[in-house]
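Undergrad: Numbering of the sequence shown is given in the UniProt record's numbering, commencing with residue 1 and proceeding in unit increments.
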Amino acid sequence: MNKDKQILILTQRIELLEKQNEDLRAENQEMKLQVEESKRFANMPNNVLNRTIKNVRQEEAKFKALIAETQEIKKELENNLEALKKTHTLYQSIFSD
1 MNKDKQILIL TQRIELLEKQ NEDLRAENQE MKLQVEESKR FANMPNNVLN RTIKNVRQEE
61 AKFKALIAET QEIKKELENN LEALKKTHTL YQSIFSD
């Protein structure tokens, strides 16, 4: 009985190790793909890399400009809302009497 239990434990341990091995192989493959991608990016000619960086910075500047414009519009809308609330309150006080 003791031998059967040891065999069962060892069998379960082997299965666990095989599963861990599969997981590690998958992780290793993923890391290899990441390394390949990094190498391709690193081997990119400087002019392509510089153009890419320039494009990203231009898009970032556009994005920031749009955010600023949106903030201005938001402020204007909030001011208009306040004016409408005041007008509503005024009309309410005039017509409620």
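Cβ atoms here follow ideal geometry from the backbone N, Cα and C, with glycine treated the same way.
Just so we're clear, the structure is a prediction, and the values are computed from it rather than from any experiment.
Look up residue 55 in the DSSP assignment and say whether it is helix, strand or coil.
TA: In this structure, residue 55 counts as helix in the three-state DSSP scheme.
Undergrad: For residue 66, which residues in the same chain have their Cβ closer than 6 Å to its Cβ, ignoring the five residues on either side in sequence?
TA: Nothing meets the Cβ criterion.
Undergrad: Is residue 28 helix, strand or coil when you go by DSSP?
TA: Looking at residue 28 - three-state DSSP - the assignment turns out to be helix.
Undergrad: Distance, Cα to Cα, residue 15 vs residue 39?
TA: The straight-line gap from Cα to Cα measures roughly 36 Å.
Undergrad: Would you kindly work out how many angstroms separate the C-alpha atoms of residue 36 and residue 42, rounded to a whole number?
TA: Distance between the alpha carbons of residue 36 and residue 42 is about 10 Å.
Undergrad: Which of the three DSSP states is assigned to residue 79 in this structure?
TA: Residue 79: helix per DSSP, three-state reduction.
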